[in-house]
Amino acid sequence: FGWLVAGTVCGAYAARHELEDVSFQTVYEAVLGKKLSTNTLTSGFRPCGGSGGLPVANLATPDFNLSSDLQLRRELEVFGEALPEGGISEEVILELAEYFQGKEFVLDPRIWNCEEGIASNVPACGGRFSAAGLASFYHDLAKGGVLNRPMVEAIRQEAAYVKTTNPLEKVAIDGIDGEQVLHSQGYQLIGLASNDSNQPSGIGHTGINGSVGLHHPESGLSVGFMLNKCSNGMDARIKVLGVIAKHFNIQ
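Set out below in structure tokens:
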């Protein structure tokens, strides 16, 4: 999806400026880069790939190997042995296996850490971001640097529930029943409250692995954290956002 978005944006920019071809970096520098604060640009926000002379943050190995786990389960079943207790439930394993079928490569950090991946001129593959850079970006985005106040309000007022097919997104903080998430104009509305209202109050995006970037307009607070996992992290996301909301008394 990230490749599709970047390609669409580049194609539209090229058509508007009557260009044969254009790179994502050209579009980024012309449209967005000049609107971002120095803090964002220097704190680890590199959507166009590469390290910029800074250490590259690699993805960690997943907490479980999906293919190995499935193979182990098949072997135990053949020999009539019981499945080991604890760990990830069989239901979740099977759900993940179905979701990742045909795109198992996303679970392999070697793909994203190879030289070609890091050098890719598209955020979906080559982008490298720190938690600080992500939080600062969302602060720029929603505090007038990129989006004006009416647009921020429109995003929250025009949101609609969309059914998700991603088992890793089925979390109460951004859905009403674990099956739907609130989307509006390319953003997710994320619950960030210290009570049990489950009313979404932040604008941002939750990644497939539980990483989060968001801005909370009422408090002016921007949050970013990266889990660097390919397979889980939902529990951590809920707990961290809950601690933040309680500390700042966000209702």
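Each number in the numbering used here comes from the position in the sequence shown (counting from 1) with 33 added on.
Glycine included, C-beta positions come from ideal geometry on N, C-alpha and C.
Quick caveat: nothing in here was measured; it's all calculated off a predicted structure.
Taking the CA atoms as reference points, residue 251 sits about 31 Å from residue 81.
In this structure, DSSP gives residue 180 a state outside helix and strand, which the three-state scheme calls coil. The alpha-carbon of residue 151 is positioned some 30 Å away from that of residue 217.
Secondary structure note for residue 172: its alpha helix (DSSP H) is the uninterrupted segment 164-175.
Secondary structure of residue 237 (DSSP, three-state): strand. Straight across, the Cα-Cα distance linking residue 163 with residue 135 is about 29 Å.
Residue 258: not part of any alpha helix (DSSP H); member of the beta strand (DSSP E) spanning 254-258, first to last residue. For residue 155, there is no enclosing beta strand (DSSP E), as DSSP gives it neither H nor E. Per DSSP, the continuous alpha helix (DSSP H) segment holding residue 42 begins and ends at 35-49.
In summary, residue 44 is exposed, with fewer than 16 beta-carbon neighbours lying within 10 Å of its beta-carbon over all protein chains present. In this structure, DSSP gives residue 66 a helical state, which the three-state scheme calls helix. Residue burial is scored here from C-beta neighbours: residue 172 has at least 16 other C-beta atoms within 10 angstroms and is therefore classed as buried.
The C-alpha of residue 56 is placed about 12 Å away from the C-alpha of residue 36. DSSP places residue 283 outside both helix and strand once states are collapsed to three, so it counts as coil.
Only buried fits residue 224, as 16 or more other CB atoms lie within 10 angstroms of its CB. Residues 73, 78 of the same chain have their beta carbon placed closer than 6 Å to that of residue 170, with the five preceding and five following residues left out of the count. Boundaries for residue 247: no alpha helix (DSSP H) harbours it, while the beta strand (DSSP E) harbouring it runs 245-249, taken from the DSSP string. When DSSP states are grouped into helix, strand and coil, residue 195 belongs to the strand group. Taking all protein chains in view, the Cβ of residue 161 is crowded by 16 or more other Cβ atoms within 10 Å, so the residue is classified as buried. As DSSP reads the structure, residue 113 sits in no beta bridge. Relative to residue 42, the option among 34, 50, 60 whose CA is nearest is 60.
Residue 168 counts as buried, since no fewer than 16 other beta carbons sit within 10 angstroms of its beta carbon.
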